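Worksheet: one structure, shown below.
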Amino acid sequence: MLKVWKKVIATGNVTEPWEKSVPPERSRGEVVVQNVPCKGCTLCVNVCPTNAIKLIEGSPVINQKACVFCGLCVDSCQDGCLKQTSNYKLATLGGSLADNTGSELKNKIRRVLGRSLHIRHLDIGSCNGCDFEMNHVCNPVYDIQQYGIDFVASPRHADLLMVTGPVTRNSTQALMMTYEATPTPKLVMALGACACSGDQIFGESYAIRGAVDSFVPVDIYVPGCPPRPQAIIHGLMLALDRM
Amino acid sequence: MKNYKTIPAAELRETAYELYGDGQNGLMSMFANDERQLNGYYAIYCLFSVGKSMQVIKAVLKEKAKLEFPSITPKISGAAWYEREIYDMFGLKPVGHPDLRPLALHENWPQGIFPLRKDFNSKTPVPTAKKEFPMAGVEGEGVFTVPVGPIHAGIIEPGHFRFSQAGEDIIRLDAKLFFLHRGIEKAIEGAPIERAFYQVERISGICTVAHSLSYCHAIENIAVVTVPPRAQYLRALVGEMERLYNHVGDIGNLCAGMGFAVGIMAGARLKEDIMRVNEALTGHRFLRGMVVPGGVRLDINDQLSAEITEMLDKLMPDFKEMIELFIGNDAFLNRVETTGIVPRQAALDLGVVGVGARASGVDVDIRRDFPYGCYSSLKFDVPVYTSGDVAARLWVRVDEVAQTVNLIRQILAKMPQGPLKTAIPAIKPYSSGFGWCESPQGNNIHWLMVGENNTVYRLYARAAAYPNWPALTVAAPGNIIPDFPLINKSYELSYACVDR
Chain A
13 MLKVWKKVIA TGNVTEPWEK SVPPERSRGE VVVQNVPCKG CTLCVNVCPT
63 NAIKLIEGSP VINQKACVFC GLCVDSCQDG CLKQTSNYKL ATLGGSLADN
113 TGSELKNKIR RVLGRSLHIR HLDIGSCNGC DFEMNHVCNP VYDIQQYGID
163 FVASPRHADL LMVTGPVTRN STQALMMTYE ATPTPKLVMA LGACACSGDQ
213 IFGESYAIRG AVDSFVPVDI YVPGCPPRPQ AIIHGLMLAL DRM
Chain B
271 MKNYKTIPAA ELRETAYELY GDGQNGLMSM FANDERQLNG YYAIYCLFSV
321 GKSMQVIKAV LKEKAKLEFP SITPKISGAA WYEREIYDMF GLKPVGHPDL
371 RPLALHENWP QGIFPLRKDF NSKTPVPTAK KEFPMAGVEG EGVFTVPVGP
421 IHAGIIEPGH FRFSQAGEDI IRLDAKLFFL HRGIEKAIEG APIERAFYQV
471 ERISGICTVA HSLSYCHAIE NIAVVTVPPR AQYLRALVGE MERLYNHVGD
521 IGNLCAGMGF AVGIMAGARL KEDIMRVNEA LTGHRFLRGM VVPGGVRLDI
571 NDQLSAEITE MLDKLMPDFK EMIELFIGND AFLNRVETTG IVPRQAALDL
621 GVVGVGARAS GVDVDIRRDF PYGCYSSLKF DVPVYTSGDV AARLWVRVDE
671 VAQTVNLIRQ ILAKMPQGPL KTAIPAIKPY SSGFGWCESP QGNNIHWLMV
721 GENNTVYRLY ARAAAYPNWP ALTVAAPGNI IPDFPLINKS YELSYACVDR
């Protein structure tokens with residue numbers, strides 16, 4: 013017991029605010045389109061493993077929900093139209109939360125959940141990358157409990173379902189039953205490129221049924237493959253209007 | 271290794287039993303391939319490790335003949351899942367198999383549709399069937415059943431467990447997995463091998479490097495390409511970084527099985543330090559984006575090298591102090607010692623690999639036994655314990671952390687100069703071969719058949735967790751239910767790797 017106390021005291025406080033640490037130089041995040049004329053060679057379109065990039069009216073457009081940040085498009089572009097940044101703040105709001113007119117439902121959700129948020133994790137097809145990052149937001153460095161946010165053991169205790177992976181055939185029932193079991197008002201977060209985009213990551217398959225929002229309404233999209241812990245916290249803060 | 275011993279399927283049992291030699295040689299992998307368009311038959315491949323070599327049996331079933339083969343499970347228990355999956359995916363029936371319930375396809379899959387046959391188009395809509403899925407249990411007075419999952423109470427992947435209980439004691443455990451089945455092997459058929467790599471890299475998050483390496487090794491073996499020395503060292507570097515963050519995190523996680531919060535947090539904190547260096551090194555916290563077919567994508571410089579060394583220097587004393595929290599702690603040791611024992615013979619029969627095997631006295635490590643990349647020029651020991659319990663798996667991991675740190679230091683010190691990548695030439699259509707590597711959980715084996723124009727004809731990915739999962743059903747009975755999380759975490763098996 014003495015050793016345990018000694019270790020705890022010696023370690024001290026390692027928790028940091030989520031925006032404090034800066035991503036390292038090589039960190040791969042959002043790919044942005046530069047203001048450089050595109051010659052329409054379509055190399056970037058062909059090289060993208062998840063079909064996240066399209067040429068629309070002669071310039072590349074990236075579907076952030078399906079981008080896995082591999083950077084192959086950036087490497088392939090000879091004209092310098094694309095640039096990889098380390099930006100991870102890619103979360104977007106959907107459903108009633110995205111409504112800018114301040115709908116009653118949005119206000120109600122934020123009023124009810126604003127101070128504390130209980131999350132139920134739901135893995136319905138992920139590669140476990142997102143799930144591990146979810147574990148990491150609970151580690152003493154990010155410690156999401158400092159924001160009044162916590163993971164709970166049952167959907168009946170949850171305000172938010174954090175869903176990872178494309179919806180597979182074998183876990184569709186689990187998704188629907190868990191959603192039904194969560195009391196209203198509830199939020200759903202689609203975490204990671206698979207959950208946001210469906211079959212774009214692994215390709216069309218007999219075993220994948222689609223994105224999370226083709227089964228249940230999604231309020232927060234957090235793309236990334238997987239999103240960094242800070243990106244997850246950014247999504248939560250955005251939803252709770254605590255930015 | 272491209273020499274397949276081709277036999278008619280009817281002789282599979284005799285030939286396999288002969289190679290198995292009463293358990294002296296292990297079954298490493300078994301899978302089927304639809305080669306009707308090429309040769310007019312289905313083929314079943316069995317990979318055995320025979321002494322210091324690997325041998326492959328290729329059993330063929332003519333298209334028009336009865337689609338069945340003699341099951342080898344009665345004598346080789348490790349084949350049970352492989353054969354069930356072959357039956358699921360190809361409809362080839364292993365006659366004499368004791369448990370032919372579906373494995374990867376659940377009760378929602380209609381009868382008579384076999385997704386890995388070439389004439390099944392992935393775009394075909396498949397109706398939802400409502401069949402029953404019988405779970406195996408024990409009946410009797412006072413015996414009750416505890417169903418758990420697929421959605422568990424923590425942040426963990428989905429799987430369904432059925433415990434047959436008498437009081438607190440587990441009598442039998444039955445597991446239903448494959449909730450994460452994404453059909454990756456089918457989805458990448460026909461894709462160019464260098465593009466399919468990005469799907470393969472995403473089979474599992476925590477085994478990213480292992481799956482990438484096995485896949486790349488398969489391509490390079492088939493194409494007879496040698497990866498430049500610097501790329502080999504960089505690959506070994508990320509491979510060992512993957513083992514390091516997994517082992518450190520898993521040791522911390524084990525404490526979650528008993529509610530030892532200080533241990534959990536210490537493990538999570540150290541893991542975070544390693545993940546940050548992973549990101550500095552490859553741009554990705556799970557080390558994606560370093561390995562590519564033919565070599566590596568990124569180089570390291572002195573600054574990154576120094577950053578890794580600095581992290582290791584800080585990690586080791588901290589890690590040692592964390593382990594000291596366990597060593598003298600009777601409450602902790604009481605929970606882990608003699609809990610969840612897998613005897614050596616059971617481990618051999620099931621073909622258990624990696625940490626699980628080495629904790630049960632089976633001395634295997636594919637880095638040493640069938641070296642790849644630069645491993646033959648590196649020095650390391652393979653820790654082996656014999657008690658087969660949770661404690662043994664913990665100590666194996668602890669020892670391996672020290673070995674891995676040592677390996678990373680060697681790799682950085684010996685890093686040769688030179689190019690990073692060799693181009694993959696045009697591969698002769700329909701040539702096939704294996705690729706393997708040691709993931710943090712054990713050996714990871716891929717088999718690839720390349721089609722026309724360097725596309726994937728068929729990939730079979732067997733992760734380390736695949737042969738290890740059935741070991742849990744051996745480890746759990748005789749223990750109490752509260753010890754199951756501990757036993758489960760001591761194996762720390764990935765579901766995504768298995769389900770694919």
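In the order they appear, the protein sequences are chains A and B. One gets the working numbering by counting positions in the first sequence from 1 and adding 12 to each. One gets the working numbering by counting positions in the second sequence from 1 and adding 270 to each. For glycine and all other residues, C-beta sits at the position ideal for the given N, C-alpha and C. Because the structure is a prediction, the values reported are computed rather than measured.
For THR552 of chain B, a Cβ of chain A is located within less than 8 Å of the residue's own Cβ.
When secondary structure is reduced to three states using DSSP, ARG728 of chain B falls in the strand class. Counting along the chain, the unbroken beta strand (DSSP E) around GLN435 of chain B starts and ends at 430-436. Under the three-pair Cβ rule at 8 Å, the region 220-234 of chain A does not count as touching the region 400-417 of chain B. Of the other Cβ atoms in all chains shown, fewer than 16 fall within 10 Å of the Cβ of LYS336 of chain B; this residue is therefore exposed. The bridge partners DSSP lists for ASN303 of chain B are B:ALA313. By the criterion of a C-beta distance shorter than 8 Å, ARG614 of chain B is surrounded in its chain by SER630, GLY631, VAL632, THR656, GLY658, once the five residues flanking it on both sides are discounted.
When CB distances to chain A are screened at a threshold of 9 Å, the residues of the region 373-388 of chain B falling below it are ALA374, LEU375, HIS376, ASN378, TRP379, ILE383, PRO385, in chain order. The beta carbon of VAL547 of chain B sits closer than 8 Å to the beta carbons of MET511, GLU577, ILE578, MET581 from its chain, once the five residues preceding and following it are set aside; these are given in chain order.
At a cut-off of 3 residues, the continuous stretches assigned as beta strand (DSSP E) that sit fully inside the region 112-146 of chain A are 129-135. Per DSSP, GLY537 of chain B is one residue of the alpha helix (DSSP H) stretching across 531-552. Taking 8 Å as the CB threshold, LEU14 of chain A stays off the interface with chain B. Collapsing the DSSP output to three states places ARG637 of chain B in a helix.
In the structure shown, ARG240 of chain A falls within a coil segment according to DSSP collapsed to helix, strand and coil. When C-beta atoms of the region 94-105 of chain A are compared with those of the region 242-254 of chain A, three or more pairs fall below 8 Å, so the two segments count as touching.
ARG465 of chain B and GLY565 of chain B have their alpha carbons spaced roughly 15 Å apart. Around the beta carbon of ASP292 of chain B, fewer than 16 other beta carbons sit within 10 angstroms, so the residue counts as exposed. Proximity of the region 337-357 of chain B to the region 718-731 of chain B falls short of the contact definition, fewer than three beta-carbon pairs being nearer than 8 Å.
Residues GLY527 of the same chain have their beta carbon placed closer than 7 Å to that of PRO755 of chain B, with the five preceding and five following residues left out of the count. Per the C-alpha coordinates, the member of A:GLY137, A:ASP143, A:ARG38 positioned closest to ILE131 of chain A is A:ASP143. Under the 8 Å criterion on CB atoms, PRO420 of chain B is classed as interfacial with respect to chain A. When C-alpha distances from ALA683 of chain B are compared across B:LEU504, B:PHE301, B:SER319, B:ASN749, the shortest belongs to B:LEU504.
Sequence-distant Cβ neighbours of PRO747 of chain B in its own chain, meaning closer than 7 Å and more than five residues away, are ILE440, ILE441, ARG442, LEU443. Counting along the chain, SER709 of chain B sits inside the beta strand (DSSP E) bounded by residues 702-709. Taking C-beta atoms as the reference points, GLY177 of chain A and CYS208 of chain A fail to come closer than 8 Å. Closer than 8 Å to the CB of ASN147 of chain A there is at least one CB belonging to chain B. Using a CB distance cut-off of 8 Å, PRO428 of chain B counts as an interface residue toward chain A. Taking a Cβ-Cβ cut-off of 8 Å, the neighbours of MET535 of chain B in chain A comprise ASN151, PRO152, given in sequence order. Counting the other CB atoms within 10 Å of its CB gives ASP651 of chain B a total below 16, which places it among the exposed residues.
In the assembly as shown, GLU762 of chain B is a buried residue. Its beta-carbon has 16 or more other beta-carbons within 10 Å.
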